[in-house]
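My numbering applies: residue 481 is where the sequence shown begins, and numbers increase by one. For every residue, glycine included, the Cβ atom is placed at its ideal position computed from N, Cα and C. All remarks here apply to the structure that follows.
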Amino acid sequence: MSKREKVWYEDPNLRNLYVKSASNAMKGYHLPITTPKTVFTGTNSLTDFTMHLGAYLNEDEKRVLIIVDKDLRKFGDRVAKFLKEKRDIDSRIFDEVLPEVPKSKINKAIDLCKEFDPKVFLAIGGGSAIDMSKLILLYYEKPEINVNQMMPPSYVGLRKKVHILAAIPTTSGTGAEGSFNAMILDDTREPHSKVAVALYEFCPDYVILHSDFVKTMPQWLTMGTGMDALAHAAGAYVLIGSSPFTDAMNIAGIEMILQYLPRAVKRGNDMEAREKMQMASYLAGIGFINTSAAGIEHAMGHSLGAVFHIHHGITVGIFLAPSIAYQAKVTDRFLKLAEIFAVELSEKPRHEVITELAHMSNEEALHSLLSNLRKFMDMVGAPKSISELEMPKIEKSEFESKLDHLSELAWIDNTSLYSSRPFTPENVKRVIKVAWDNKIEDLIDLYKK
Ligand SMILES: [Fe+2]
């Protein structure tokens, strides 16, 4: 593999350099805080956004490229009709979004851009559609870019041809609508591999949180994406890059998820729960991305998902408990999580719960947090460990035979760079092993040594 084909975080020297320089910057909160300009919320959000576009775009600029998953094409058609009727804005629809964004598919969208000259990109979908819109923007405006060498923080000068990047999420969990990273499947190199690209200019300018776009989400997807949002907020909260800004977003996100995800899973037409989960997912999205590219539960979750083909939210949910327990040895930030979980999940009055926690040792508080996390995962029907997985069912012998490979993939993942506690290859293996059944005593052991 040539140097150009290698992704920067696959190079051990660059990884070390990045961890050293980034951790100093993060400790001093010397990082930019990047968020969308406006989040339109509620049942009037699409109207508000359309009025904004109508006022902002010149008459000869009223062209929107809608990027949407094929099976959600009806949403694209509905929005295109709405834009035309309300403000005479023309649209084209690109619906060839795939679960993993392949580099080769992006060229097709770029050909459409060259012909149509859109001034707005509007992504409608889950993480893949929103990630794809970011990558189309990048390759349309900067065709020569080599994403492998883009070590964050980087700026390349986007929005010269397309003025606005906007997103309507159709799931509540990925946070892609408020984040400035994107995953691309590089199918031009062998073997094909995923590359994480972080670029501040990827952050959408406008977000439309309208519950009509999430109300038909099936139960398993509501649970899976909700667990992803919880992993973003709680996983990021214990990282070294946390700041008062990210704490505010992550804590509010966790509280809302604990309150409303069980309701959204139980009754899909509970519109209050759907709306709150949209907001929680957005808050967790800007909370985690401004902390880092997500916590180490994502490094291990990506690895397990890639080897056994399991939904992202399920895998990061399974690794949330071991990630928090492992880092608890070096940071007491888990104590705040213990408080939030205890307050939200207990029937007792808030002040009684807080008084009880105040009398606990750190180990007891961690035990309380881990028990409450298990309780919550049972409430929403999320598998708590690898051994509990049903789809697919994994044999212990198969898991053990792939442990080395799982550990290698997790260690090379860009999200393992941000651990509060150094995430050495030996420790990665230890933590993954515990996740087989996530027994509380094994988790407490991660904290002790
Ligand atoms: Fe995630």
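According to the neighbour-count rule (16 or more other Cβ atoms, all chains shown, within 10 Å of its Cβ), is residue i buried or exposed?
i, result
"ILE569", "buried"
"ILE616", "buried"
"LYS542", "buried"
"PHE758", "For the record, residue 758 in the displayed sequence is Gln; it is not Phe. By the neighbour-count rule (16 or more Cβ atoms within 10 Å), GLN758 is buried."
"ARG467", "There is simply no residue 467 to check, as the chain begins at 481 and stops at 929 in what is shown."
"SER584", "exposed"
"PRO872", "exposed"
"HIS782", "buried"
"ASP884", "exposed"
"LYS876", "exposed"
"GLU878", "exposed"
"THR835", "exposed"
"GLU565", "exposed"
"ILE774", "Residue identity differs from the one stated: residue 774 is Ala in this sequence, not Ile. The residue is buried, with at least 16 neighbouring Cβ atoms inside 10 Å."
"GLU819", "buried"
"LYS864", "buried"
"LYS756", "buried"
"ALA646", "buried"
"SER803", "buried"
Cβ atoms of residue j and residue i: under 8 Å apart, would you say?
i, j, result
"LYS640", "VAL787", "no"
"LYS909", "SER887", "yes"
"LYS550", "GLU580", "no"
"GLY655", "ALA744", "no"
"ILE513", "GLY658", "no"
"MET631", "LEU494", "yes"
"TYR489", "ASN894", "yes"
"ALA890", "ILE798", "no"
"GLY607", "ARG567", "no"
"GLN807", "SER723", "no"
"PHE856", "LEU763", "no"
"ILE604", "ILE648", "yes"
"ARG813", "VAL911", "no"
"LEU837", "ALA801", "no"
"SER673", "ALA779", "no"
"PHE555", "PHE693", "yes"
"ILE924", "GLU868", "no"
In the DSSP assignment, find the unbroken alpha helix (DSSP H) run with residue i in it and report its ends.
i, result
"GLU541", "That residue, GLU541, is in no alpha helix (DSSP H); it is neither H nor E in DSSP."
"VAL562", "It should be pointed out that residue 562 corresponds to Phe in this sequence rather than to Val. PHE562 -> alpha helix (DSSP H) spans 553-567."
"TRP700", "699-717"
"GLU735", "724-746"
"SER967", "The question about residue 967 has no answer here: the residues shown for the chain are numbered 481 through 929."
"ALA535", "525-536"
"ARG830", "830-838"
"THR795", "792-798"
"LEU897", "LEU897 -> no alpha helix (DSSP H), and no H or E assigned at all."
"LYS640", "Segment: none, LYS640 is in no alpha helix (DSSP H) and carries neither H nor E."
"GLY781", "776-788"
"GLU906", "905-914"
"SER826", "No alpha helix (DSSP H) contains SER826, which DSSP labels as neither H nor E."
Starting from residue i, trace the beta strand (DSSP E) in both directions and tell me its first and last residue.
i, result
"PRO649", "644-649"
"ASP468", "The requested residue 468 does not occur in the structure, where the chain is confined to residues 481 to 929."
"GLU576", "570-577"
"ALA676", "673-678"
"TYR686", "686-689"
Throw me the rounded Cβ distance for the residue i and residue j pair, which I believe falls under 8 Å.
i, j, result
"ILE688", "SER613", "With a Cβ gap of about 13 Å, ILE688 and SER613 do not count as contacting."
"TYR635", "GLU681", "6 Å"
"ALA713", "ILE734", "5 Å"
"LYS821", "LEU849", "Checking the sequence, you will find Phe at residue 821 rather than Lys. Right, the Cβ-Cβ distance comes to about 6 Å (below 8 Å), so this counts as a contact."
"PHE596", "ARG572", "5 Å"
"PHE660", "ILE776", "At roughly 20 Å, the Cβ-Cβ gap does not stay under 8 Å, so PHE660 and ILE776 are not in contact."
"HIS690", "LEU526", "5 Å"
"LEU638", "LEU618", "7 Å"
"TYR898", "ILE720", "7 Å"
"TYR740", "PHE529", "No, TYR740 and PHE529 are not in contact; Cβ-Cβ is about 24 Å, not under 8 Å."
"THR515", "CYS683", "7 Å"
"ALA711", "VAL796", "4 Å"
In this structure, does DSSP put residue i in helix, strand or coil?
i, result
"GLY605", "strand"
"ILE586", "helix"
"THR518", "strand"
"TYR927", "helix"
"VAL810", "coil"
"LEU883", "helix"
"ILE625", "coil"
"ASP549", "strand"
"VAL499", "helix"
"VAL600", "strand"
"PHE492", "Note that residue 492 corresponds to Pro in the displayed sequence, not to Phe. Helix at PRO492."
"ILE616", "helix"
"CYS683", "coil"
"ALA773", "coil"
"LYS486", "coil"
"ASN918", "coil"
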